[in-house]
Every structure is written in C-alpha cells, then in structure tokens.
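>
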Amino acid sequence: MSELYVVFKVDDGEYVLQAADVLQMESFGGATKVPGTPPYVAGLIHIRGRVVPVIDVRRRFGLSSIEPTLDSRVIVVQSGERTVGLLVDSAREIMRIPPEGLQAPPAWMGGDGAGFVRSVAHVERGPGEKRLVMLVNFEKIIGQEGIYGDERNG
C-alpha cells in the first residue's frame, strides 16, 4: 500500500516528508531569533498555543537564505518528543509513493548535504511525465547537536 507524503520545494529540488509526521503547515510570518543557536535556526514561532523552533531548510542545506514569499511555508513536524518547524520555499501537495518506489540515494552523494536525503523516488507528474522527489532525513536536518547547538538541559 502506498504511503502519503507532503511535497515541498527548496531551491529547485522537490522533497517529501511522511505525512504521518506532519502536524500542520502554516504561512511564514517571521520568527523570533534566539541568541546562540546555529545559523540555520530561523528562530521561534508561536502556533496554536505552543512555541516551536524553526529551521531554515535552505540554510541547513548550505544554500543562501532568501526573503520569505507568499509561497513560503513552515511545515510543523513531530518526531518522537521533538516538534520542529521546517521553513521551506513552498509546500502545496500531498502524494502517494509505494514503498517499492523509494530507492537509496547514490552512494557518491556527499558534501554538506550528506545524509539529508534518505531515499529518492521517480514519480508520475502527469501523463508521460516523471519527476524526481527526495525523502528527507528529518533527524539529520535537526542535527545531532539539536536546535540549540548543545542539547542544553536546563
């Protein structure tokens, strides 16, 4: 059975997250900067009674950040105890991908983006058209050091 994925764009790439991990998507109206956080942390936002840290996925992928547009979205993702917003260029689509449609990325992929892509899939765009989407590794995007750089405990 196919699983549902949320499709988002960063630069010219199309990426997916498992829809089951996505709590919600919001327009991005800015974030409150937090001193001492890594440069890819956009700051904190307040969504429906909770404070959520936001990662600028462009910066995390080693790209230059851009001014948010009307298409920019924060995808709020839950993984275990962590709830984090991912600032992306756009997110407007849900798609089904069968498990056998996902393949490991090429072994030679490395550099700053090493490990950000867990799998790739070649999926139908329309009649006779295909496109490549990449399943992101959410834990790698957050970083082992966590949002605050050192996983502070109180």
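Counting from 1, one number per residue, gives the positions in the sequence shown under full-length UniProt numbering. Every residue gets a Cβ at the ideal spot worked out from N, C-alpha and C, and that includes glycine. From a predicted model like this one, the values you see are computed outputs, not experimental measurements.
Closest by CA to residue 69, which one among 8, 90, 117, 124?
For the purposes of this step, residue 69 is taken as residue 69 along the sequence shown, with counting starting at 1. Closest option to residue 69, Cα to Cα, is 90.
> Between residue 4 and residue 96, which are expected to be in contact by the criterion C-beta below 8 angstroms, what is the C-beta distance as a whole number of angstroms?
By 1-based counting over the sequence shown, the position of residue 4 is 4. By 1-based counting over the sequence shown, the position of residue 96 is 96. Their Cβ separation, rounded to whole angstroms, is 6 angstroms, which keeps residue 4 and residue 96 in contact under 8 angstroms.
> Leaving out five residues on either side along the sequence, give the residues of the same chain with a beta carbon under 8 angstroms from the beta carbon of residue 39.
Your numbering for residue 39 matches position 39 in the sequence shown. The residues are 59.
> Thinking just about the alpha-carbon of each residue, which of 143, 6, 87, 29 is nearest to the one in residue 65?
Your numbering for residue 65 matches position 65 in the sequence shown. Nearest C-alpha to residue 65: 87.
> Could you name the residues of the same chain whose beta carbon sits closer than 7 angstroms to that of residue 98, not counting the 5 residues immediately before and after it, in chain order?
Translated into positions along the sequence shown, residue 98 becomes position 98. So the list reads 2, once near-sequence residues are dropped.
> Just to confirm, are residue 6 and residue 94 a CB contact at a threshold of 7 angstroms?
For the purposes of this step, residue 6 is taken as the residue at position 6 of the sequence shown. For the purposes of this step, residue 94 is taken as the residue at position 94 of the sequence shown. Yes, the pair counts as a contact, with Cβ atoms nearer than the cut-off.
> Thinking C-beta only, is residue 52 closer than 7 angstroms to residue 138?
Against the sequence shown, residue 138 aligns to sequence position 138. Against the sequence shown, residue 52 aligns to sequence position 52. With respect to residue 52, residue 138 sits apart: the two C-beta atoms are not nearer than 7 angstroms.
> Do you know whose CA, among 20, 11, 120, 54, lies nearest residue 80's CA?
Position 80 of the sequence shown, counted from the start, is the residue given in the question as residue 80. When only C-alpha atoms are compared, the closest one is 20.
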